[in-house]
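The next block holds one structure in the form of structure tokens; read it before the comments.
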Amino acid sequence: MYATEIHDYLKTFFKETNCEIVSDEGFQLTVQLTIDMDKRIMNRPFYWKYIEATNSEPNPARLTLITDRTQTQNQFMGEIIHYGSGRLNQIFKATKDLGSFVLMYEQVDNTKNQTTLTPYFCVNYKVSYYCDQTKETIHSLGINLINGVIEDNFHESICDMNLTNEMPEKAFCLQYIIKPSRALERLDLMIQNLITQDDHSWAEEAKNRFEKELEVLNYFYQDREEKPEIYEIEKKGLEERFNPRIKVEIINGGIFYLK
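In case it helps, this note's numbering puts the sequence shown at residues 1098 to 1356.
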């Protein structure tokens, strides 16, 4: 998962959870958390128990996250966040806890005539390549529910839009032609095609590393006619460690009505 993908994900996450984005420098994001979000991701249970017990005024945290450490001159100005970091895992968990499906509308000018909004179905996938090493990427796919056109990097394309979870007064939402269930099938097929077209030399390289490790293991037991149980255990461990496998997960998704 690249720094830009993490940055865009965080930006949308905080925007959709009503956290004020104080500053956005492209590699560093400062947000003012809501009370609910502070409780979910800041690990301050005793603070909140005290606030609630004493009926004191709450002071939710302001959080600065550095998504690309190579771009900042002072890494002490914020918290470095990357794939696998505890903070990002907490945010992923919060996303699941809050619900993985949203219904959003692009804001329209209520002073003008009625604006037509087109429905799009979006799914954010996490594709993980596992062996003795791990590579993970995020694919955000969106499909127009009227004409069926699929757009990659959909999440990035709506990042700067003014979205709301309530239908605007002067909006006319087109009825979708493609049902969301059918749209999901098309996006699943698309993600399978993207995986097929990807470079899978990593799997062959993992197989070669496995064979070298197996040669070393066999060397230590070459003088034994009957291999001991520990040999089979170690061999199975190598197979599990180097066995190439791919896992596809849906992080979240939703229907977006856009101009």
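Glycine is no exception: its CB is placed at the ideal position from the N, C-alpha and C atoms.
Bear in mind that the values here come from a model prediction, so they are computed numbers and not experimental data.
- Contact between ASN1262 and GLY1350 does not hold, since the beta-carbon distance rounds to 15 Å and is not under 8 Å.
- The shortest CA-to-CA distance from LYS1309 to any of PHE1251, ILE1327, LEU1335 is the one to LEU1335.
- Per DSSP, ALA1158 is not a residue of any alpha helix (DSSP H), being assigned neither H nor E.
- Positions of the alpha helix (DSSP H) runs, each at least 4 residues long and wholly inside the region 1235 to 1260, are given as 1251 to 1254 in order along the chain.
- If you look at GLN1289, you'll find it in the alpha helix (DSSP H) that goes 1277 to 1294.
- If you ignore the 5 residues before and after LEU1311, its C-beta comes within less than 8 Å of the C-beta of LYS1332, LEU1335, all in its own chain and listed in chain order.
- Judged by DSSP in its simplified three-state form, GLY1123 adopts coil rather than helix or strand.
- Membership of MET1134 in the alpha helix (DSSP H) is indicated by the continuous run 1132 to 1138.
- Rounded to the nearest whole angstrom, the C-alpha separation of ILE1163 and PRO1325 is 51 Å.
- GLN1125 counts as buried, since at least 16 other C-beta atoms from the protein chains shown sit within 10 angstroms of its C-beta.
- Bounds of any beta strand (DSSP E) do not take in THR1151; it lies within the alpha helix (DSSP H) bounded by 1142 to 1151.
- Of all C-beta pairs linking the region 1206 to 1214 to the region 1274 to 1290, fewer than three are shorter than 8 Å, placing the two stretches out of contact.
- Listed as beta-bridge partners of ALA1191 by DSSP are no residues whatsoever.
- A distance of 9 Å or more separates the beta carbons of GLU1301 and ASP1105.
- Judged by DSSP secondary structure, ASN1221 falls within the beta strand (DSSP E) whose first and last residues are 1212 to 1227.
- When the alpha-carbon of ILE1348 is set against those of ARG1306, SER1197, GLY1239, the nearest one is in SER1197.
- Around the CB of ALA1158, fewer than 16 other CB atoms lie within 10 Å, so the residue is classed as exposed.
- Scanning its chain for C-beta atoms nearer than 7 Å, with the 5 sequence neighbours on each side dropped, one finds around ILE1292 the residues VAL1224, ILE1343, in chain order.
- In the three-state scheme derived from DSSP, where H, G and I count as helix and E and B as strand, GLN1129 is classed as strand.
- For ILE1178, there is no enclosing alpha helix (DSSP H), as DSSP marks it with neither H nor E.
- In this structure, MET1201 sits near GLU1113, with a CB-CB distance shorter than 9 Å.
- Distance from TYR1226 to TRP1299 at the Cβ level is roughly 6 Å; contact confirmed, criterion being Cβ atoms closer than 8 Å.
- Distance from ALA1191 to ILE1132 at the Cβ level is roughly 14 Å; contact not present, criterion being Cβ atoms closer than 8 Å.
- For LEU1200, the enclosing beta strand (DSSP E) starts and ends at 1198 to 1203.
- Taken atom to atom, the span from the alpha-carbon of ILE1243 to that of ALA1100 is near 33 Å.
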